[in-house]
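For the sequence shown, our numbering begins at 26 and goes up steadily by one.
Glycine included, each C-beta is placed from N, C-alpha and C at the ideal position.
In this text the structure is predicted, and so the values were computed from the model without any measurement.
Everything on this sheet refers to the single structure shown next.
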Amino acid sequence: QWNDDFHHALHVLLTGERQGYYRDFGTVEDLARAFTEGFVYAGRYSAYRDRRHGNSSRDLAARQLVVFSQNHDQVGNRMGAERLPLLASFESLKLAAGVVLLSPFVPLLFMGEEYGETAPFLYFISHSDPELVEAVRKGRMEEFAAFRWEGEVLDPQDEETFRRSRIDYALRETGRHRTLLEYTRELLRLRREHPVLSRGTRKGMNAVALEREKSLLVTRMHGDDRTAAVCHFGEKPASVTVPLFAGRWQTLLDSSVPRWGGGGSAVPEEIRSGGTATLSLGPRAFVLLSQRGEDSG
C-alpha cells in the first residue's frame, strides 16, 4: 500500500510547497503521525478536499506500507516533472534518504534517486485514439490548475517528452552524485545489518515532533538495543534537546560531516544521556544514534 501521506508530509517540510493537496500538510507532527499511525489522514478534516478524508492504517504491518520521497506519480504529475534535487538542497536530499531508508516501512527509491538524478520524469503516453489523447491533455491541464502552476505544458503524446525523461546513469560517478550514492549505500547497510533497524516493525518505535526546533526524533528498540534518528528540517544550525534513554550512545551516521559532503558537525562520536541530550545540528541534518544494552543506565 502506497503511503502518499508520508510523502506529502516529508515533501512539504523539505520544499515549503503548499499548493494543491500539499496544503493539508506542513508540520513536523504530520510526519511523526506518518511514522506512528501510517496514514496521516484517517478520517480527519482535509482543507484541500473540504471534507473528512482517509481511513486508519494503524493495524497494518510496517511491511504493508511503502514509503518514499519521490515516485513516478509525485514527480510525473508535476507540471515541470521536477525531481527533488531541483526543489531542495543537497542536505535536504540526504535528510530525505535517512528518513525513508531507516524507517521500519518498505522503502522505495525512484530510479536514479540514489545518486540524485536531475532529469525530469515527464508524463508521456503513446495512444492511437485521438480522443483519448485529447482527454489526457485536458485532464492534465485541469490538474495543474488546482496547483496554480504556471509555465509550458509539454505534450504527453510527443516522443520528445519521453526522450527528455531518460536518466543519465553516468552522473553517479561524478561529484556530489557519487557522494549521495555512497551515502545511500551506507544507509542501506545500516538498515540491513543493525539489529534494531533490520526489523521491519513499528513495535518498539516512537516518533516525537519538536515543532519549535523543526525537528523529529524517531526512536526504535529491540530487546536492550536502541536507535534514535534525529531529523532537523530547519534551514539554519540549531541546538536541539531530545529525550534519550539514559546511558552512552554512539553516533553511527551524521549527514553533516565532510565524508557525506557536509560542512562539518558538532555532534560528538559518543554522547552521554541522563534522560535528555542536547545536539548541535547543522541545517537539514540527519543524525543516527545507537545504544547497545550494556551501555544503558
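Whole angstroms are fine: how far does the CA of residue j sit from the CA of residue i?
i, j, result
"Y47", "E319", "44 Å"
"A253", "F135", "26 Å"
"S315", "G300", "15 Å"
"P155", "Q182", "10 Å"
"T143", "G322", "47 Å"
"V255", "R237", "14 Å"
"M246", "L212", "18 Å"
"D30", "Q99", "11 Å"
"G123", "Y73", "29 Å"
Taking the alpha carbon of residue i as the reference point, which residue from the options has its own alpha carbon closest?
i, options, result
"R165", "V53, Y148 and Y140", "Y148"
"T186", "A106, L314, E294 and V255", "A106"
"S223", "P129, W27 and F64", "P129"
"W274", "D250, Q99 and G288", "D250"
"T209", "F115, W27 and G229", "F115"
"S264", "V282, F270, S280 and A291", "A291"
"G141", "E168, V92, K163 and R197", "R197"
Near residue i, what residues of its chain come up, given a Cβ to Cβ distance below 6 Å and the 5 sequence neighbours on each side ignored?
i, result
"L278", "L313"
"H78", "Y66 and S71"
"R83", "E62"
Would residue i and residue j qualify as a contact pair, given that the criterion is a beta-carbon distance under 7 Å?
i, j, result
"E112", "R216", "First, the amino acid is wrong: residue 112 is Leu here, not Glu. Not a contact, by the Cβ cut-off of 7 Å."
"L56", "L241", "yes"
"G287", "R201", "no"
Counting along the chain, where does the alpha helix (DSSP H) carrying residue i start and finish?
i, result
"T40", "D29 to T40"
"T204", "G200 to E218"
"L118", "F115 to L126"
Ends of the beta strand (DSSP E) at residue i?
i, result
"H78", "R76 to H78"
"F60", "From DSSP, F60 is part of no beta strand (DSSP E) but of the alpha helix (DSSP H) over V53 to T61."
I'd like the list of long-range same chain contacts for residue i, defined as Cβ closer than 8 Å, with 5 residues on each side in sequence excluded.
i, result
"G51", "V37, L38 and R43"
For residue i, which residues of its own chain have a beta-carbon under 7 Å away from its beta-carbon, when the five flanking residues on both sides are left out?
i, result
"A121", "L35, L39, S94 and L109"
"K261", "P308"
Using a Cβ-Cβ distance cut-off of 7 Å, determine whether residue i contacts chain C.
i, result
"S117", "Among the chains of the structure shown, chain C does not appear; only one protein chain is present."
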